[in-house]
Each structure stands twice: as structure tokens, then as C-alpha cells.
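Reviewing the structure listed below.
Number of protein chains: 2
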Amino acid sequence: MKFSCAVIAGLLLGAGLTGQASAENDRSGAKDSLPSWNHGPARKAVVEFVERVTREGGSDYVPPAERIAVFDNDGTLWSEQPMYVQLAFVLDRIAAMSPEHPEWKDKQPFKAVLERDIRTVAASGKKGLVELLMATHAGLTTEEFERVAGEWIATARHPKTGRPYTEMVYQPMLELLAYLRASGFKTYIVSGGGIEFMRPWAEKTYGIPPEQVIGSSIRTRFEVQDGRPVILRLPEVDFIDDKEGKPVAINRFIGRRPLAAFGNSDGDFQMLQWTTAGSGPRLGLFVHHDDGEREVAYDRESHIGQLNRGLDEADRHGWVVLSMKRDWKQVFPVQKP
Amino acid sequence: MKFSCAVIAGLLLGAGLTGQASAENDRSGAKDSLPSWNHGPARKAVVEFVERVTREGGSDYVPPAERIAVFDNDGTLWSEQPMYVQLAFVLDRIAAMSPEHPEWKDKQPFKAVLERDIRTVAASGKKGLVELLMATHAGLTTEEFERVAGEWIATARHPKTGRPYTEMVYQPMLELLAYLRASGFKTYIVSGGGIEFMRPWAEKTYGIPPEQVIGSSIRTRFEVQDGRPVILRLPEVDFIDDKEGKPVAINRFIGRRPLAAFGNSDGDFQMLQWTTAGSGPRLGLFVHHDDGEREVAYDRESHIGQLNRGLDEADRHGWVVLSMKRDWKQVFPVQKP
């Protein structure tokens with residue numbers, strides 16, 4: 065009777081994978097929870113870790129309140145190729161705002177954005193990108209920005225697949241998030257992306273509520289406008305949640321050291337370092353984008369999501385390097401008809 | 065049979081109050097949850113609010129994920145008289161550190177602290193206080209500071225009552241926190257106090273985990289010392305979580321507007337304003353320190369926890385002004401023998 069639910073679910077869903085997973089011998093419920101994961105070293109490391117920290121009476125048991133898992137977003141939970149999704153938002157937003165900004169037609173980097181001349185946009189460097197970010201992300205109240213970001217994500221499409229960005233998420237990671245939560249973990253996003261860009265859709269997409277989304281931020285100011293209190297978004301960077309910023313933000317927002325950290329680039333290096341330097345069992349994992357057929361193969365030389373130091377030092381730190389090609393049965397969720 | 069647990073608990077504890085509470089006709093479980101509250105307007109407002117937002121199928125129903133309640137700490141959850149507890153920590157810490165700082169004997173405001181000349185300390189103003197704060201709160205790793213703060217709170221005693229500060233908490237507020245959590249709320253501290261000063265004891269004292277404690281902060285930096293990653297506390301103010309800062313911090317950390325906000329001073333005004341400007345039922349409540357017998361009576365003229373504008377404008381905003389004298393049966397927890 066022990067497998068009846070899984071078997072029934074398998075029959076109902078016609079999911080051939082369920083039977084295969086049931087044949088395995090995990091002690092936990094992972095056999096039903098991670099159907100898109102191949103039985104390889106990455107899955108094994110994850111399941112063994114979860115079983116160690118959740119086994120009551122075991123020497124490595126960790127109470128549920130202390131079970132924190134942190135996830136990078138771009139390239140770890142969803143696709144960051146051919147460009148960060150938030151950059152696509154910025155470009156669309158510039159186009160949408162351009163009628164009210166006739167001066168942009170002659171002003172870089174706005175001109176290049178309107179002409180979709182991505183090479184010139186890129187050449188404007190960090191200074192240009194910050195200008196674009198401030199033009200599109202500041203000057204609104206938090207409520208207005210939430211609406212704008214929410215409306216954009218609902219209608220925008222990935223340039224290659226034509227799917228909504230919220231379907232360009234990694235199916236195995238959705239399963240991992242759910243498996244960890246079912247095992248008593250609190251799951252957090254700790255991303256270089258904008259905190260208020262992610263919050264409007266993270267709950268629906270990942271099951272991660274706004275208060276568990278941490279990201280980069282711009283300054284805000286509380287003020288009362290015509291008797292109505294608002295929080296205004298100011299054109300000034302507050303915090304960059306990348307590299308050394310990630311452990312700083314984890315400490316600030318969570319105040320506990322995570323048990324597990326998942327990333328895909330050297331921007332996540334310090335987050336894994338901070339996480340796995342804690343006592344007791346810890347898990348650090350890099351998603352390695354080595355699947356050029358089902359996704360995009362990139363690592364050491366990439367301008368987006370470069371993974372270099374992470375590959376060199378993973379062994380030394382005992383971190384798992386997950387191969388998308390080897391470890392995942394399926395990359396993206398099955399497309400809805 | 066419905067009241068059997070409450071009755072048994074009442075008999076075991078010899079708590080005469082239980083019987084009285086059971087006679088009341090609250091629809092919710094509040095009759096058993098708020099034994100230290102008198103049946104007055106404050107209790108009524110709280111219970112009616114909770115019943116409105118939790119009644120399934122009701123027009124004011126709010127799903128549990130959106131039930132956020134925020135609490136100021138000093139003067140709202142625990143006593144802030146005769147001085148903020150964190151200031152007592154600073155003064156003790158200066159004394160403890162003084163053997164390694166012989167120069168403090170001749171340097172203000174340190175000299176005044178060592179001589180317990182509180183008037184001169186106060187006269188050093190904001191600049192002097194920041195100097196004391198940086199000397200005691202910075203220069204350590206986060207782990208070291210957590211240990212220092214945790215050890216202090218475990219041994220320090222309130223100057224008037226001789227009780228540990230963690231027993232100088234308001235019993236009715238402990239009951240309110242538990243009642244709200246039992247009603248599906250997530251309870252947060254949003255305090256002007258230091259975020260890392262509160263976290264080591266907030267969970268044990270209030271049942272509020274570190275990730276739900278928001279406060280003022282100093283800057284930190286991640287670095288690797290002899291191969292070991294640490295987060296260093298720097299002598300630089302990062303964020304003051306007071307007045308206009310409170311809604312800004314709520315937006316940053318939680319990303320949702322709370323349903324209910326509890327404070328006691330004008331430092332909480334904007335937090336109540338932001339909270340109760342949301343749509344649907346909202347609750348704003350000021351704890352008014354009007355009980356000179358059981359605690360300390362202070363409001364408009366006080367240097368600590370001044371409540372002035374809050375008293376003037378509460379009616380206009382529909383906020384509850386709780387009278388400690390009228391609304392609370394008991395102020396502090398029964399002292400352990």
C-alpha cells in the first residue's frame with residue numbers, strides 16, 4: 065500500500081517516469097518528488113543531504129525552524145539566455161515610455177534601445193545600464209511599479225521559444241523547491257535581480273512569497289501625497305545583491321546561515337562559501353549549463369552567468385556541480401496545450 | 065466538552081481568570097487566548113478585526129499568506145523605561161571593554177559612561193551616542209556579536225525590578241502574538257533597535273524567528289579571514305528603522321503591506337499610517353503608557369517613547385489607543401519562583 069498514491073498518480077497522469085522512480089530505494093519521499101531528475105550524483109547528493117538533516121534522532125538532525133535553503137534566480141531557477149529577463153523588461157519599458165520622452169531619440173543609450181541596437185547598448189557599459197535601470201525602475205510608487213512589472217511578465221515572451229518567461233523555469237528546480245518545502249525547509253530567492261521586479265510573480269511561479277525574495281534594490285522614500293501615504297522609488301542604487309553582497313543580504317534579511325545554497329555562476333560563489341562554512345551538514349550546488357541541445361551551453365567564457373572559479377574550486381569545497389545534460393531528464397515544464 | 069481543556073488548564077494553574085473568560089461570547093478562540101486583557105474597547109477591536117479577516121467566505125476574508133502583523137518592540141512588546149534596553153547593553157559593554165581601552169578614561173563620552181554620569185552621556189547628544197554604538201556594536205564578526213548580545217541578555221537585570229529584561233515583556237502582548245499566530249498571522253518585529261541586538265533572544269522571548277525581526281542596522285562586509293568566511297560589522301550606520309524608515313523597511317523586507325500594526329510612540333506613526341491605508345480591514349493600535357502604578361506613565365513630554373501626534377490623530381485614522389491601565393488585567397508575566 066505504501067506506493068499506492070504514486071502508482072495512482074502515475075496511472076492518472078500517464079507519467080511513465082513515476083514507475084521508474086518508484087523502483088528506487090530512497091528512504092525519503094524523494095522518489096515521488098523529483099521525477100525530472102535522473103538518478104545520478106546530483107540527485108543523490110541532494111536526497112542524502114535532506115535525509116541527514118531531517119532524520120529525527122539522527123546526529124545531523126536540524127529543527128525545521130533552522131532549515132533555510134537559498135536559490136539564485138537567473139540561470140538557477142529560470143533561463144538567463146539570451147539575456148537577463150529583467151534586461152528584456154528594461155528594453156520593453158523604454159520603448160513603452162518613449163512617447164513621453166521624445167528626447168530619447170537623440171540620447172544614448174536610449175537611442176540604441178529604441179533602435180534595438182543591442183551592441184551599442186552593451187557598449188554603454190555599466191553607466192549606461194544604470195541609466196536605463198533608473199529611467200525604468202525609479203520615479204514610480206512601489207504599487208505602480210508592482211503593477212507595471214506584473215503586467216509585463218504576464219504578456220512578455222521569450223525571444224527564442226515564444227513562451228512566457230514564467231514557463232522558462234527549470235522543471236527539476238520547481239520539483240526541488242517543493243521537495244525541500246515538503247521536508248520543512250523555508251525556500252528563499254537570493255538574486256542579483258531587482259527585489260521588486262521578482263516579487264510580483266515569484267509566489268505564483270515558484271511558491272516563494274514576497275518576504276522570501278531577496279534581491280538588488282534602489283532607494284525608496286515614504287511620503288504622504290494628497291493625504292495618501294506612498295513609497296516612492298528613487299533613482300539611486302541602494303544595494304547590489306551579487307557576489308560578496310549575497311552573504312551580506314542573507315545575514316541582513318534572514319539572520320541565519322542557510323543549510324543549502326544553489327547557484328549557477330561566480331556571482332553565487334560567496335553565497336555557497338558562506339553557507340557551507342557552517343557547522344554540520346551543508347549543501348552547495350552549482351547548476352552547470354552544459355546542455356546546448358535542450359538549453360544553452362555556457363560557462364567559463366560567457367558574459368552572462370560566467371562560471372569559472374566555481375568550477376575550479378567546487379571539489380575543494382565539496383560542492384556539487386550539477387550537469388543539466390546528465391542530471392536532468394527534462395529541462396523546462398511540459399508546454400500547456 | 066468544548067471547554068474541557070481550558071477548564072482543566074484553569075484548575076491546574078489555579079487561574080481564576082480562565083473561568084471568567086470562558087463566560088464571554090467571542091466567536092473566535094480569543095476567550096482562551098487573551099486572559100490578561102480586560103473586556104474593553106481594545107480587546108474588542110482586536111478580536112473583531114481578527115474575526116473579520118479570518119472568517120472564511122466573509123467579504124473581508126484574507127488568505128493566511130497575506131496575514132502580516134508588525135510590532136514595534138521598545139515600549140510595545142517590552143519596557144523601554146527607565147532607558148532603552150539596548151542603551152543599557154551599550155553602557156555595560158563599554159565597562160566590559162574598558163580594560164582594553166585605557167584611553168577611554170579621559171575621552172568623552174566614554175569617560176562619562178565609565179563614571180555612570182548619565183547626564184553627561186545624554187548631553188553628548190546623537191553624535192556621542194553614535195560613537196558609543198559604533199565602539200560597542202562594530203569591529204566584531206556577526207557571530208561574535210550574536211554571542212556577546214546573547215550572553216548579555218541572559219545575565220543583565222532591569223535596574224528597578226531586578227528581573228531579566230526578557231521578563232520585562234508585556235504579558236498581554238505575548239498573548240496577542242500567540243493569538244495572531246494561531247489565527248494564521250505571521251508576526252514581525254519592526255523596531256528602531258538594532259536588528260542583530262534583537263535576533264539572539266526574540267525567538268525564545270516572543271516566538272518570533274530571526275527572519276521576522278527587522279531593525280536598524282550598521283553596514284557589514286563579507287570577507288575571508290585565514291580561509292574562513294566571516295561577516296564583519298563596520299562602524300557605519302546603514303539604516304535607521306524609525307519613523308518614515310519603518311514603512312520603507314516593511315516594504316524592503318516583507319514586500320507586502322501588513323494588515324495590522326502595533327506601536328507605542330510617534331516613531332511608529334508612519335508604520336500605522338502605511339498599514340491602515342491599505343484596502344479592506346486594517347488595524348492600527350497604540351499602546352498608551354498611562355499606568356504609573358504597574359508600569360510608568362508617560363506620553364507627550366517623555367524623552368523616551370514620546371506619543372504626541374499619535375494621540376492627536378488616532379481618532380481621525382481610526383486607530384485604537386490602548387490604555388494599559390484600563391485594558392490590561394496584568395502587565396508583566398507572573399514572576400517565576
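Which chain is which? The protein sequence lines are A and B, in order. With the working numbering applied, the first sequence corresponds to residues 65 to 401, in that order. With the working numbering applied, the second sequence corresponds to residues 65 to 401, in that order. The beta-carbon is built from N, C-alpha and C at its ideal position, and this holds for glycine as well.
Give me the Cα-Cα distance between residue i and residue j, rounded to the nearest whole angstrom.
i: Val114(B); j: Lys175(A); result: 53 Å
i: Glu88(A); j: Gly291(B); result: Any reading at Glu88(A) needs caution, since the residue's pLDDT is 44, under 50, leaving its predicted position unreliable; the model's value is listed next. Approximately 39 Å, taken between the alpha carbons.
i: Leu240(B); j: Pro322(B); result: 16 Å
i: Thr339(B); j: Ala325(B); result: 6 Å
i: Leu386(A); j: Phe209(B); result: 36 Å
i: Ala246(B); j: Ser366(A); result: 50 Å
i: Tyr362(B); j: Gln370(B); result: 8 Å
i: Arg119(A); j: Pro146(B); result: 47 Å
i: Ala73(A); j: Val398(A); result: With a pLDDT of 33 at Ala73(A), under the threshold of 50, the modelled position of this residue cannot be trusted, and the question is left open.
i: Gln334(B); j: Ser281(B); result: 19 Å
i: Leu408(A); j: Val384(A); result: Coverage of chain A is limited to positions 65 through 401, which leaves residue 408(A) absent and any answer about it impossible.
i: His352(B); j: Glu300(B); result: 34 Å
i: Ser123(B); j: Ala202(A); result: 35 Å
i: Lys393(A); j: Leu349(A); result: 18 Å
i: Ser86(B); j: His103(B); result: Low confidence applies to Ser86(B): its pLDDT is 38, below 50, so where it sits in the model is not reliable enough to give any reading.
i: Glu144(A); j: Arg107(A); result: 23 Å
i: Arg390(B); j: Glu359(B); result: 13 Å
i: Asn315(A); j: Ile314(B); result: 17 Å
i: Phe261(A); j: Arg227(B); result: 47 Å
i: Lys191(B); j: Trp101(B); result: 41 Å
i: Phe396(B); j: Thr225(B); result: 11 Å
i: Met232(B); j: Val117(A); result: 36 Å
i: Trp265(B); j: Ile132(B); result: 21 Å
i: His381(A); j: Asp354(B); result: 58 Å
i: Ala378(A); j: Asn372(A); result: 10 Å
i: Pro105(B); j: Lys310(A); result: 46 Å
i: Asp376(A); j: Asp332(A); result: 14 Å
i: Glu308(A); j: Val294(B); result: 11 Å
i: Ile251(B); j: Leu151(B); result: Per the sequence shown, residue 251(B) should be read as Thr rather than Ile. Straight-line Cα distance between these residues: approximately 25 Å.
i: Asp181(B); j: Arg221(B); result: 19 Å
i: Leu76(B); j: Pro99(B); result: No answer about Leu76(B) holds up, because its pLDDT of 31 lies below 50 and its placement is not dependable.
i: Tyr148(A); j: Ile368(A); result: 8 Å
i: Ala109(B); j: Glu357(B); result: 25 Å
Any idea which residues DSSP pairs residue i with across the strands?
i: His352(A); result: Ser387(A)
i: Glu287(B); result: Val294(B)
i: Val301(B); result: Ile282(B)
i: Trp417(A); result: Residue 417(A) lies beyond the stretch modelled for chain A, which goes from 65 to 401, so this question has no answer here.
i: Asp138(B); result: Trp142(B)
i: Tyr252(A); result: Val134(A)
i: Arg221(A); result: Pro228(A)
i: Val277(A); result: Ile253(A)
i: Phe326(A); result: Phe135(A), Leu349(A)
i: Val194(A); result: Partner(s): none; Val194(A) has no beta bridge.
i: Val233(A); result: Trp142(A)
My understanding is that residue i touches residue j, with C-beta atoms under 8 Å, so please give their C-beta distance in whole angstroms.
i: Ile278(A); j: Ile304(A); result: Contact doesn't hold; Cβ gap of about 12 Å is too wide.
i: Gly319(A); j: Val126(A); result: About 16 Å; that fails the 8 Å criterion.
i: Gly374(A); j: Asp330(A); result: 5 Å
i: Ala159(B); j: Leu141(B); result: At roughly 27 Å, the Cβ-Cβ gap does not stay under 8 Å, so Ala159(B) and Leu141(B) are not in contact.
i: Gly342(A); j: Leu336(A); result: Not a contact, Cβ separation roughly 11 Å.
i: Phe135(A); j: Val254(A); result: 7 Å
i: Ile217(B); j: Thr200(B); result: Wrong, their Cβ atoms sit about 14 Å apart, outside the cutoff.
i: Gly257(B); j: Asp138(B); result: 6 Å
i: Leu196(B); j: Pro173(B); result: 6 Å
i: Val212(B); j: Leu204(B); result: 7 Å
i: Phe317(B); j: Phe249(A); result: About 20 Å; that fails the 8 Å criterion.
i: Ser97(A); j: Ala242(A); result: 7 Å
At a CB distance below 7 Å, what residues from the region 304 to 324 of chain A approach chain B? Give them in sequence order.
Glu308, Pro311, Val312, Asn315, Arg316, Phe317, Ile318, Gly319, Arg320
Which residues, taken in chain order from the region 126 to 152 of chain A, show a beta carbon closer than 7 Å to some beta carbon of chain B?
Ala129
Any 3 or more C-beta pairs closer than 8 Å across the region 158 to 171 of chain A and the region 278 to 292 of chain A:
no
Looking at chain B, which residues of the region 254 to 278 of chain A have a Cβ within less than 7 Å of any of its Cβ atoms?
Close to chain B, meaning a Cβ-Cβ distance shorter than 7 Å, are the following residues of the region 254 to 278 of chain A: Arg263, Pro273, Pro274, Glu275, Val277.
Closer than 8 Å is the cut-off here; do at least three beta carbon pairs connect the region 226 to 237 of chain A with the region 266 to 274 of chain A?
yes
Quick one: which residues of the region 194 to 218 of chain A get their C-beta closer than 8 Å to a C-beta of chain B? List them in chain order.
Thr206
Of all the residues that make up the region 281 to 303 of chain A, which are near chain B by a beta-carbon distance shorter than 8 Å?
Ser281, Thr284, Arg285, Phe286, Glu287, Val288, Arg292, Pro293, Ile295
If you measure beta-carbon to beta-carbon, which residues of the region 332 to 349 of chain B are closer than 7 Å to chain A?
Gln334, Gln337, Trp338, Ala341
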